[in-house]
Amino acid sequence: MKCSSCKTNLLGDTNFVQFKCPACGKIDIFRCSKCKRLSNIYKCPCGFEGP
């Protein structure tokens, strides 16, 4: 698993989150604790961008 924003491996991150894309509901979005805290943008293949 890799962060959808920074592409960092999530193996050592205990505070990452996983959720479905709010727009299409099909793609799993992964966010590391750092990108979550900094509200870094992620992009779904469907075109949706979120903080």
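Its first residue numbered 2, the sequence shown is counted upward by one per residue in the working numbering. By construction, the Cβ of each residue, glycine as well, lies at the ideal position given by its N, Cα and C atoms.
(message) Taking the beta strand (DSSP E) that residue 21 belongs to, which residues open and close that run?
(response) 18–21
(message) Distance check for residue 40 and residue 18, CA to CA, integer angstroms please.
(response) Rounded to the nearest angstrom, the two C-alpha atoms are 13 angstroms apart.
(request) Tell me whether residue 44 sits in a helix, a strand or coil according to DSSP, three-state version. (result) strand
(message) For a test of the three-state rule: what should DSSP assign to residue 27, helix, strand or coil?
(response) Under the three-state reduction of DSSP output, residue 27 falls in the coil class, being neither helix nor strand.
(message) Quick check on residue 32: buried or exposed, where buried means 16 or more other Cβ atoms within 10 Å of its Cβ?
(response) buried
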